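Structure record follows, encoded as structure tokens.
Protein chains in written order, with the working numbering: chain B, 2 to 413; chain U, 345 to 467; chain Y, 34 to 522.
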């Protein structure tokens with residue numbers, strides 16, 4: 002194993018694969034992808050439903066098919082990858098330490114490190130849901146893995162907490178495979194997943210969605226016996242007296258995703274508390290020189306197509322960095338203003354085009370996303386509706402930007 | 345009569361308000377693209393959906409392979425198609441796009457493999 | 034008459050396992066009957082993991098004697114049994130003059146009990162020791178320490194097994210019948226057992242078992258305490274256990290304790306309950322812990338919460354005054370063949386081996402015990418990949434490539450460790466059993482990554498069907514079975 006590489010890509014999911022291919026096509030060919038699973042493709046391998054690829058490929062594909070297009074290209078280009086290989090550490094000076102059964106302990110000094118580790122699910126413990134600890138409480142992605150990868154069924158009578166897309170998609174999967182899903186409960190007054198999934202995963206199968214409801218108690222010593230659900234007020238606090246008991250053997254949690262940044266922290270990468278991902282500039286470079294991030298490790302996306310596009314933009318930028326040895330400074334801050342939950346990137350140069358990604362805090366109708374600099378309106382995008390479930394992207398043109406003065410993004 | 349639809353054809357998930365009369369779509373509003381009208385027109389007479397599931401596979405490096413329908417099938421036939429797919433048993437290797445049930449139940453949609461599965465030697 | 038065992042120990046918690054191990058020093062056939070699927074699923078595993086110093090307990094009490102004795106020997110014990118242990122010391126902090134007065138009283142008591150090194154320190158000294166501790170002043174107790182109660186209990190049990198003891202898991206005693214000469218016939222859900230001696234170390238059920246064995250009248254109050262487990266990111270701030278000044282009942286309220294693995298435990302609160310099996314977390318307790326925990330630990334933040342759990346302390350109380358009693362350890366002449374331990378709660382983990390020696394001494398007072406010449410006090414645990422330096426890690430992988438496959442990414446647990454845990458000497462095969470032995474799934478993703486892998490390994494290694502895989506308690510099935518095909522791997 003060579004101990005120096007132009008770029009090491011941590012994670013062979015959609016972001017890592019797209020970044021690697023783009024780097025290669027930009028002439029950076031001395032690459033190494035490290036993937037902890039046995040196969041490339043990341044979470045897409047278990048997302049067997051269709052609906053992927055409309056933006057990126059102009060057709061609708063299942064997750065494994067979407068991933069395969071990139072895997073095929075990686076293989077065709079001869080980009081080196083190691084699977085069953087877990088990265089243990091990334092140092093401040095970009096030495097990546099990893100282990101695998103086949104290669105033992107690997108240490109590689111990388112010209113650039115691409116962080117593409119994806120995200121993980123928020124758990125019951127993080128929410129502090131009261132109750133006992135029986136079996137039968139599964140995170141949606143874990144249940145998806147059992148059902149779609151291991152051929153194992155997790156239960157029969159199901160309640161789902163959280164209206165994230167994976168939760169709704171699992172409601173449909175479980176129903177198709179013979180389980181009975183009693184309902185989806187969402188603490189917020191609005192759904193956290195996409196409208197089409199409410200329609201085709203819940204409504205189509207007569208699965209009720211209860212907004213402003215949460216699970217306040219879990220019952221059962223051995224296997225789950227039931228959950229108590231209560232209505233919530235505007236502060237998301239359960240309203241006493243509204244409790245209702247649902248006998249069930251399975252509780253599926255789809256209560257949010259958290260970018261997986263433990264390795265980024267080890268490398269000295271600073272995280273944005275809003276995205277829980279790195280602060281990046283328009284080159285997707287973090288505060289640590291030569292360390293780049295894209296995909297769900299940077300901010301949780303709604304669609305994989307945007308992950309690929311973002312990682313491809315990262316690939317271009319990282320290639321430029323490796324060729325030139327440095328990237329132009331990005332001193333201007335992009336601030337998340339009124340109704341904006343977060344923005345990516347958080348810093349820009351003010352001299353060239355960049356893609357702005359953001360999410361709104363609340364569902365809004367007939368609004369406009371407005372970008373201002375030095376009091377001047379740079380861009381106004383009108384929207385019929387804006388949902389927290391959807392990532393909004395727009396291109397800002399360099400010619401409109403000033404090289405001084407922070408930017409502010411608002412929704413009005 | 346006015347009725348609201350959520351278009352499922354793309355992630356935009358447009359809320360479409362349609363003016364209907366005797367099963368005829370007189371006009372639609374709220375769709376970002378022409379597909380919205382097509383969707384509503386289809387939805388009114390014969391709602392169709394795609395489904396994805398998986399099939400056990402022998403001799404492969406994984407125990408299950410994912411499959412999907414190539415064209416939307418009538419909503420009312422989803423569980424019939426599931427039943428048909430659940431009868432299928434496969435032998436590795438299989439390839440993406442391989443048809444396992446052509447024209448499933450005569451619904452003008454094929455069931456295809458969506459994952460590459462190599463065979464494992466010695467099995 | 035021939036008996037199944039010379040000694041049957043009822044209850045395989047930390048005390049029962051310590052007794053079993055202690056008795057294997059002699060030529061005795063030892064059986065342990067444990068009603069749960071593992072040895073540390075109840076009180077032994079549901080506590081702070083504190084090696085107590087012994088200043089809290091009444092001078093001369095069994096609690097004081099055993100805690101001081103158990104504390105003093107623990108470096109040696111941890112070495113023999115290859116279990117993690119840190120002698121961190123402890124701060125018992127106060128805010129008011131009344132607290133100071135109480136702390137001074139406990140310092141005096143501690144000195145009388147033989148606890149070394151106690152001193153009252155000011156805020157400046159506290160900041161040197163741990164700036165994240167709350168309080169204006171503190172009693173500093175240098176001998177207190179932290180251990181992993183799961184690993185310790187498991188180690189005692191494994192060492193007992195290594196020296197010849199036999200564990201019967203999922204075996205609940207349902208009745209007892211005295212035979213001739215102090216021998217007993219025990220009825221269980223797994224059939225009958227006979228033994229010349231019976232040791233009751235049934236913990237929460239010790240009063241019930243005591244009555245079965247012919248010693249009625251004990252009253253146990255189940256006192257429930259809930260905890261928060263905080264992320265290791267919070268653990269970076271916690272260097273030393275921080276306890277509040279004892280309340281007027283001489284017990285501790287919510288405290289914050291680093292664990293040997295680098296997490297932080299905040300808790301327990303204290304609530305008398307009716308149910309000996311109710312380990313549910315309650316909203317009221319959680320809210321209370323957030324409030325009281327924040328006073329002890331300045332980094333009690335929601336983003337660090339990874340789990341909650343509850344434990345129940347079986348407090349032996351006076352049936353009339355309801356005053357909490359000392360540990361009961363007895364051999365009554367009118368009930369021969371029965372060594373009875375009732376009301377063993379905190380400081381039970383610290384006191385386990387001292388109690389075990391005292392139990393063995395009671396037995397030795399009745400018959401001559403021959404030493405077991407092959408007794409080996411040394412037990413080797415699973416070598417933890419995450420605790421090694423890079424060079425040793427590389428060597429481990431070279432010796433066993435399974436050390437190169439990370440199964441639990443949060444706690445960096447390898448396939449090699451999981452395999453050793455699956456084939457553990459006690460024959461425990463639950464997902465939680467693997468967790469207690471390796472820490473897999475104890476991290477911040479709570480098994481999101483590794484649980485699917487661990488259940489697959491349990492199925493493969495032990496040739497189990499999906500529906501036979503259990504989370505923890507007997508009956509805690511995880512799957513209904515294969516979805517399709519059935520025969521698929």
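We put the beta carbon where it would ideally sit given N, CA and C, even for glycine.
Computed from a predicted model, the values in this text were never measured in an experiment.
Buried or exposed for residue i, going by 16 or more other Cβ atoms inside 10 Å?
i, result
"residue 82 of chain B", "buried"
"residue 245 of chain B", "exposed"
"residue 19 of chain B", "buried"
"residue 462 of chain U", "exposed"
"residue 520 of chain Y", "Confidence is the limiting factor: at residue 520 of chain Y the pLDDT is only 48, short of 50, which leaves the residue's position unreliable, though a coordinate-based value still follows. So residue 520 of chain Y counts as exposed."
"residue 294 of chain Y", "buried"
"residue 16 of chain Y", "Nothing about residue 16 of chain Y can be read from this structure; chain Y reaches only from 34 to 522."
"residue 415 of chain U", "exposed"
"residue 378 of chain U", "exposed"
"residue 117 of chain B", "buried"
Roughly how many angstroms lie between the CA atoms of residue i and residue j, to the nearest whole one?
i, j, result
"residue 238 of chain Y", "residue 301 of chain Y", "21 Å"
"residue 403 of chain Y", "residue 88 of chain Y", "36 Å"
"residue 296 of chain Y", "residue 339 of chain Y", "10 Å"
"residue 411 of chain U", "residue 488 of chain Y", "25 Å"
"residue 299 of chain Y", "residue 328 of chain Y", "11 Å"
"residue 1 of chain B", "residue 133 of chain B", "Because residue 1 of chain B is not part of the residues shown, which for chain B are 2 to 413, the question remains open."
"residue 60 of chain Y", "residue 405 of chain Y", "5 Å"
"residue 40 of chain Y", "residue 94 of chain Y", "27 Å"
"residue 386 of chain U", "residue 372 of chain U", "13 Å"
"residue 467 of chain U", "residue 516 of chain Y", "Residue confidence for residue 467 of chain U is low, a pLDDT of 42 falling below 50, so the modelled location carries little weight and cannot support an answer."
"residue 482 of chain Y", "residue 126 of chain B", "15 Å"
"residue 125 of chain Y", "residue 211 of chain B", "48 Å"
"residue 366 of chain B", "residue 389 of chain B", "12 Å"
"residue 319 of chain Y", "residue 350 of chain U", "41 Å"
"residue 174 of chain B", "residue 224 of chain B", "22 Å"
"residue 69 of chain Y", "residue 287 of chain B", "50 Å"
Using a Cβ-Cβ distance cut-off of 9 Å, determine whether residue i contacts chain Y.
i, result
"residue 399 of chain U", "yes"
"residue 433 of chain U", "yes"
"residue 152 of chain B", "yes"
"residue 389 of chain B", "no"
"residue 430 of chain U", "yes"
"residue 466 of chain B", "Residue 466 of chain B falls outside the range modelled here, since chain B spans only 2 to 413, and no answer is possible."
Got a sec: is the Cβ-Cβ distance from residue i to anything in chain U below 9 Å?
i, result
"residue 145 of chain B", "no"
"residue 517 of chain Y", "yes"
"residue 36 of chain B", "no"
"residue 190 of chain B", "no"
Spatial neighbours of residue i within its chain, please: C-beta separation below 8 Å, excluding the five flanking residues on both sides.
i, result
"residue 92 of chain Y", "142, 145 and 146"
"residue 330 of chain B", "350"
"residue 403 of chain U", "435, 436, 463, 464 and 467"
So, at 7 Å on beta carbons, what are the nonlocal neighbours of residue i in its own chain, with the 5 sequence-adjacent residues on each side left out?
i, result
"residue 135 of chain Y", "278 and 279"
"residue 169 of chain Y", "127, 128 and 156"
Quick one: residues in its chain with C-beta nearer than 6 Å to the C-beta of residue i, no 5 flanking neighbours on either side, listed in chain order?
i, result
"residue 413 of chain B", "369 and 371"
"residue 56 of chain B", "306"
"residue 495 of chain Y", "462"
Are any of the Cβ atoms in chain B nearer than 9 Å to that of residue i?
i, result
"residue 204 of chain Y", "no"
"residue 385 of chain U", "no"
"residue 352 of chain U", "yes"
"residue 356 of chain U", "yes"
"residue 503 of chain Y", "yes"
Mind checking whether the beta-carbon of residue i lies closer than 8 Å to any heavy atom of the ligand MG?
i, result
"residue 237 of chain Y", "Absence of the ligand MG is noted for the structure shown, with no ligands found whatsoever."
Open item on the list: Which runs of the alpha helix (DSSP H) at least 4 residues long sit entirely within the segment 156-236 of chain B? Give them in chain order.
Closed with: 166-177
Open item on the list: Runs of 4 residues minimum, wholly inside the segment 266-346 of chain B: which ones carry the alpha helix (DSSP H) assignment?
Closed with: 305-325
Task: Whole runs of the beta strand (DSSP E) within the segment 121-174 of chain Y, excluding any shorter than 3 residues - done: 123-127, 152-155 and 170-174
TODO: Counting only runs of 4+ residues fully inside the segment 34-75 of chain Y, write out the alpha helix (DSSP H) ranges in chain order.
DONE: 47-56
Task: In chain order, each alpha helix (DSSP H) run of at least 4 residues that lies wholly inside the segment 418-465 of chain Y - done: 423-432 and 448-455
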